[in-house]
Every structure is written in C-alpha cells, then in structure tokens.
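*Asks:* Here it is: the structure, laid out below.
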Amino acid sequence: MRILLTGGTGLLGRALCSRWLADGHCLTVLSRRPERVPDLCGSGVLALASLGHWQPPMVFDALVNLAGEPIIDRPWTRARKQTLCASRVGLSEDLLAAIARTEVKPSVLLSASAIGYYGDCGDRPIDESAAPADDFAARLCADWEAAAECAGEFGLRVCQLRTGLVLSAD
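Below, the structure is given as structure tokens:
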C-alpha cells in the first residue's frame with residue numbers, strides 16, 4: 005500500500021513507519037524538516053516538504069493525518085491556540101485541497117483527534133455518540149474532525165482516531 009503520513013516524525017508516526025516499512029508498504033512523510041525523515045522514519049521513506057510537492061505521478065492509497073503541534077508543552081495563550089488550530093484544522097484543510105487537485109484519489113483518510121473532544125466526564129461512561137464538550141480542547145477536536153470529514157466529499161472513507169495519553173519509553 006502507498007501511504008502518505010503527516011506527523012510521521014512524531015512518536016506515533018515513527019512507530020507506524022517502522023511497522024509499515026517492515027510490512028512492505030511504500031511510505032511518504034510530509035515534514036517541515038524533510039532532511040530528518042530518513043533518520044527518524046526509516047531510510048526507505050520518501051519525504052515531502054509541502055503538499056504542493058504531491059504531484060502526478062504520486063498516487064496514494066491511504067492518507068494518515070497525525071500532524072499537530074504538541075498540545076501540553078506550553079500554556080494556551082491566544083497565540084498558542086491559533087498555532088494549535090493551524091497545525092490541526094489548517095493542515096487538514098490543506099490536505100483536502102491537495103486531494104481535490106489529484107486525479108487519482110486515495111481510498112481512505114485516517115485522521116487523528118483526541119479524547120479532549122469529551123472534556124472532563126468524571127466517571128460517566130461515554131462513547132462516540134457523545135457531543136463535544138464546551139472548552140477549547142473539545143472545540144479544537146470537533147473542528148479538526150469536521151475538517152477531516154470533508155474528505156468524504158471526494159469519495160474517501162474517513163476514519164477518526166481519538167487518542168488519549170500516549171505512553172512510551174521513547
């Protein structure tokens with residue numbers, strides 16, 4: 005399978021690259037620092053510096069969007085909130101524009117989100133049918149997911165991945 009991965013140099017992305025390379029998939033990683041992609045993701049991974057470089061004859065079977073500035077490393081100032089939105093919602097919108105330009109569309113988009121969508125629910129059980137909470141993190145997740153859902157207009161199956169806290173020895 006030919007996969008375009010955003011956020012490939014992050015913790016989850018690096019783990020996926022390792023696994024998918026071992027399984028024989030063909031990987032391309034979108035990165036602001038494309039020179040680092042081979043070291044972080046594997047020597048067989050192609051790097052794209054921008055979505056503008058996604059040109060024919062590049063064709064992808066799947067898109068995996070894990071990109072986003074780290075959310076818990078700094079206070080959420082107004083400027084920081086704008087950065088967080090741009091790195092998630094803005095990049096998702098840019099990805100949709102790139103999909104629109106392609107002749108051969110991928111079949112699926114797996115788009116990251118987070119359990120911040122639910123807010124603080126205490127001990128109350130929740131599932132995917134729950135409405136988003138009314139705070140910044142929840143609105144960010146809801147907007148991020150709404151942007152990704154637009155890929156369905158191009159015939160892509162859209163899968164949302166709401167991750168929680170990710171723990172790793174790395």
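Residue numbers for the sequence shown follow this note's numbering, so the first one is 5 and each next one is one higher.
Glycine included, every Cβ here is placed at the ideal spot set by N, Cα and C.
Here the structure is a predicted model, which means the values were calculated and not measured.
1. In angstroms with no decimal places, state the Cα-to-Cα distance between leucine 169 and cysteine 163.
2. Taking the beta strand (DSSP E) that valine 68 belongs to, which residues open and close that run?
3. Quick check on the burial criterion: 16 or more other C-beta atoms within 10 angstroms. Buried or exposed for valine 63?
4. According to DSSP, what are the bridge partners of isoleucine 7?
5. Please report the straight-line C-alpha distance between leucine 144 and tyrosine 121, rounded to a whole angstrom.
6. Kindly list the residues whose CB is nearer than 6 Å to the CB of alanine 51, restricted to its own chain and excluding five residues on each side of it in sequence; keep chain order.
7. By alpha-carbon positions, which one of Ala173, Leu88, Asn69, Gln86 ends up nearest to leucine 100?
8. Let me make sure I understand the geometry here. Which of Asp139, Trp58, Ile119 has the alpha-carbon closest to that of aspartate 131?
9. Do serine 115 and leucine 55 have their CB atoms nearer than 8 Å?
10. Excluding sequence positions up to five away, which residues of its chain have a Cβ less than 8 Å from the Cβ of alanine 146?
11. Ordered along the chain, which non-local residues of its own chain (more than five positions away) have a Cβ less than 6 Å from that of alanine 141?
12. Who are the near neighbours of glutamate 73 in its chain, counting only those whose CB is closer than 6 Å to its CB and skipping five residues on each side?
*Replies:* So, to answer that:
1. 19 Å
2. Element bounds for valine 68: 66–69.
3. exposed
4. Leu31, Ala66
5. 8 Å
6. So the qualifying residues of the chain are Val33, Ser35, Pro38, Val41.
7. Asn69
8. Ile119
9. no
10. For alanine 146, where only same-chain residues beyond five positions count, the Cβ hits under 8 Å are Tyr121, Pro136.
11. Gly120
12. Thr87, Leu88, Ser91
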